[in-house]
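Residue numbers (this note's numbering), protein chains in the order written: chain A, 685 to 873; chain B, 10 to 314.
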């Protein structure tokens, strides 16, 4: 079943179709929320709220834009609201509560990215801290564009559509964000 | 092209946002300008560094999100009183209201008593030890779940329903879950069964089921669960072959992305070739960027020459 057929089936009340639609997109959505908010609980809240809104408003989706754009508009608006409310960015907790117990995030990073080498692990931790710092200096919009372009691989045009702005404006935002990142990461080169 | 224009274009080059002509003009400039060429290298190194900044999803978070969303949606639909045979079965037969139970028991006795009048003598099944003589033929597993103690509960739809519990080492439980994992009528049940089976990949029949689901299940949620279960076996040739197939043919970008993550774990030389082939045909920008990043981590080129 192609996506349009899936959406129509979900609009007519087919729960399985809705579930399949969610599963097609939910992982990148959760990842985006996690990257932007740096908190598993906040990312969880965004996930729930975004897909509940999709469920409640799916009838009003008229295929004027792609489903991806429509969904990401909902998600980015929720994240922007969250970031605005938060004002001062919280730092990512060093440990996270999971169903499997408490996990130290740095352990995961070290294991997956630095082969357990203590020196590299330290460097990774420093680098992560620096990236966090720079992200905190970005405006919500710069951060949003940077995350969507860099970590989600979205085209500037699509980002513009999601944020209700032009490709040019999204490009300028990305320039500013990248300049900040470039300046701060120079010491690691 | 001036150096200032080139610096602006470099960022877009990195993100694959330049047109063919713009890219040509930039390459020409870079060929004759060592400063801008050095800036390009600098940007590429920053790009590599940024991979560390991507937040990891804590294990179990996605599963928790999905499960809780299903519950909330179920609650949303409840006031609408939509007809659902599954809910009807569950609410009135699996967990009936207390006041219905004596009525149900009386009804069953009556049905048994009057029904026996129509069975010819000599065809009655022999009862042994007061139990049921013959095991009913399983027609369909309807629901599976586990609880905190690690026990698994399976509900099968038959001429009558029965329930049994046991650990994952119990052969009956495993066989029932395998049957449920391939039930074409119920993707939700397949996802739940896969969730329970995914840590049992050391058993040959379970691994075969995970591979089959990854290759052929129509539901991407089931395929993702199968991928999770195959994670420890990504170095095995049979698993790698299916991963390559999935990477190049699966229609779901999420599944393809996960397959990349698993493939690169195996560290086999053929992985670069598969990723290059994927890049040649991939249209999804996120999957493309993930493949590019994986190739960069492997220090392989993005194209074949």
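Ideal Cβ positions, reconstructed from N, Cα and C, are used throughout, including at glycine. Please read all numbers here as calculations on a predicted model, not as lab measurements.
On the DSSP bridge list, what partners appear for residue i?
i: residue 175 of chain B; result: B:161
i: residue 155 of chain B; result: B:161
Is the separation between the beta-carbon of residue i and that of residue j shorter than 8 Å?
i: residue 824 of chain A; j: residue 764 of chain A; result: yes
i: residue 694 of chain A; j: residue 714 of chain A; result: no
i: residue 222 of chain B; j: residue 232 of chain B; result: yes
i: residue 187 of chain B; j: residue 176 of chain B; result: no
i: residue 226 of chain B; j: residue 199 of chain B; result: yes
i: residue 294 of chain B; j: residue 263 of chain B; result: no
i: residue 731 of chain A; j: residue 717 of chain A; result: yes
i: residue 215 of chain B; j: residue 206 of chain B; result: yes
i: residue 251 of chain B; j: residue 290 of chain B; result: no
i: residue 162 of chain B; j: residue 153 of chain B; result: yes
i: residue 48 of chain B; j: residue 16 of chain B; result: yes
i: residue 23 of chain B; j: residue 53 of chain B; result: yes
i: residue 248 of chain B; j: residue 268 of chain B; result: no
i: residue 757 of chain A; j: residue 846 of chain A; result: yes
i: residue 712 of chain A; j: residue 70 of chain B; result: no
i: residue 242 of chain B; j: residue 210 of chain B; result: yes
i: residue 202 of chain B; j: residue 189 of chain B; result: yes
i: residue 298 of chain B; j: residue 844 of chain A; result: no
i: residue 46 of chain B; j: residue 10 of chain B; result: no
i: residue 36 of chain B; j: residue 12 of chain B; result: no
i: residue 261 of chain B; j: residue 238 of chain B; result: no
i: residue 700 of chain A; j: residue 196 of chain B; result: yes
i: residue 840 of chain A; j: residue 854 of chain A; result: yes
i: residue 688 of chain A; j: residue 747 of chain A; result: yes
i: residue 719 of chain A; j: residue 835 of chain A; result: yes
i: residue 766 of chain A; j: residue 721 of chain A; result: yes
i: residue 173 of chain B; j: residue 181 of chain B; result: yes
i: residue 287 of chain B; j: residue 257 of chain B; result: yes
Could you tell me if the beta carbon of residue i falls within a distance shorter than 7 Å of some heavy atom in the ligand HEM?
i: residue 119 of chain B; result: As far as ligands go, the structure on display features none, and thus does not contain the ligand HEM.
Next on the checklist: Ignoring anything shorter than 4 residues, give me the alpha helix (DSSP H) runs that lie fully in the region 19 to 75 of chain B, in order along the chain.
Outcome noted: Qualifying alpha helix (DSSP H) stretches, in chain order: 29 to 41, 43 to 59.
Checklist entry - Between the region 289 to 306 of chain B and the region 269 to 277 of chain B, do three or more beta carbon pairs fall short of 8 Å? => result At 8 Å Cβ cutoff, the stretches touch.
Item to check | Residues of the region 284 to 300 of chain B whose Cβ lies closer than 9 Å to any Cβ of chain A, in chain order | outcome: Residues of the region 284 to 300 of chain B with a Cβ closer than 9 Å to any Cβ of chain A, in chain order: 293, 294, 295, 296, 297, 298, 299.
Item to check | Meets three-Cβ-pair contact criterion under 8 Å: the region 829 to 837 of chain A and the region 850 to 866 of chain A | outcome: Verdict: yes, contact present.
Checklist entry - Would the region 53 to 62 of chain B and the region 811 to 819 of chain A be scored as touching if the rule is three or more Cβ pairs under 8 Å? => result The answer is yes - the region 811 to 819 of chain A touches the region 53 to 62 of chain B, with three or more Cβ pairs under 8 Å.
Checklist entry - Any contact of the region 700 to 713 of chain A with the region 751 to 762 of chain A, i.e. 3+ C-beta pairs under 8 Å? => result Yes, since at least three Cβ pairs between the region 700 to 713 of chain A and the region 751 to 762 of chain A fall closer than 8 Å, the two stretches touch.
Next on the checklist: Quick check: the region 27 to 34 of chain B against the region 66 to 84 of chain B, are at least 3 beta-carbon pairs closer than 8 Å?
Outcome noted: Taking a cut-off of 8 Å for Cβ pairs, the region 66 to 84 of chain B and the region 27 to 34 of chain B do not touch, as fewer than three such pairs fall below it.
Item to check | Residues of the region 848 to 863 of chain A whose Cβ lies closer than 8 Å to any Cβ of chain B, in chain order | outcome: Against chain B - using a Cβ distance shorter than 8 Å - the residues of the region 848 to 863 of chain A are 855, 858, 859, 862.
Item to check | Contacting positions in the region 62 to 76 of chain B - beta carbon closer than 9 Å to chain A | outcome: Here the close residues are 62, 63, 64, 65, 66, 67, 68, 69, 70, 71, 72, 73, 74, 75.
Item to check | Contact list for the region 214 to 238 of chain B against chain A, Cβ threshold 8 Å | outcome: Taking a C-beta cut-off of 8 Å against chain A, the contacting residues of the region 214 to 238 of chain B are 228, 229, 230, 233, listed in chain order.
Checklist entry - Counting only runs that start and end within the region 693 to 775 of chain A, where is the alpha helix (DSSP H) found for 4 or more residues in a row? => result Listed in chain order, they are 699 to 721, 724 to 741, 751 to 770.
Item to check | Residues within the region 805 to 835 of chain A neighbouring chain B, beta-carbon criterion of under 8 Å | outcome: Residues are counted here when their Cβ sits less than 8 Å from a Cβ of chain B; for the region 805 to 835 of chain A these are 808, 811, 812, 815, 816, 819, 833, 834, 835, given in chain order.
Next on the checklist: If we require 3 or more residues per run, which beta strand (DSSP E) segments fall completely within the region 163 to 249 of chain B?
Outcome noted: For the beta strand (DSSP E) assignment, the uninterrupted runs of no fewer than 3 residues enclosed by the region 163 to 249 of chain B are, from N- to C-terminal side, 171 to 175.
Item to check | Contact list for the region 726 to 746 of chain A against chain B, Cβ threshold 9 Å | outcome: Listed by position, the residues of the region 726 to 746 of chain A near chain B (Cβ gap below 9 Å) are 727, 728, 731, 732, 735, 736, 739, 740.
Checklist entry - According to a CB-to-CB cut-off of less than 9 Å, which residues of the region 688 to 711 of chain A neighbour chain B? => result So the list reads 697, 699, 700, 702, 703, 704, 706, 707, 708, 709, 710, 711, given in the order they occur along the chain.
Item to check | Where the region 234 to 265 of chain B meets chain A: residues whose CB sits under 7 Å from a CB there | outcome: Listed in sequence order: 261, 263.
Checklist entry - Which residues, in order along the region 172 to 197 of chain B, keep a beta-carbon less than 8 Å from a beta-carbon of chain A? => result Listed in sequence order: 196, 197.
Checklist entry - In the region 40 to 65 of chain B, which residues sit with their C-beta less than 8 Å from some C-beta in chain A, listed in chain order? => result Shown in chain order are the members of the region 40 to 65 of chain B whose Cβ falls below 8 Å from a Cβ of chain A: 51, 52, 54, 55, 58, 59, 60, 61, 62, 63, 64, 65.
Item to check | Every unbroken alpha helix (DSSP H) inside the region 817 to 847 of chain A [4 residues or more] | outcome: Segments of the alpha helix (DSSP H) lying fully in the region 817 to 847 of chain A: 824 to 834, 840 to 847.
Checklist entry - At a Cβ cut of 7 Å, what residues of the region 754 to 765 of chain A count as close to chain B, listed as they run along the chain? => result So nothing in the stretch comes that close.
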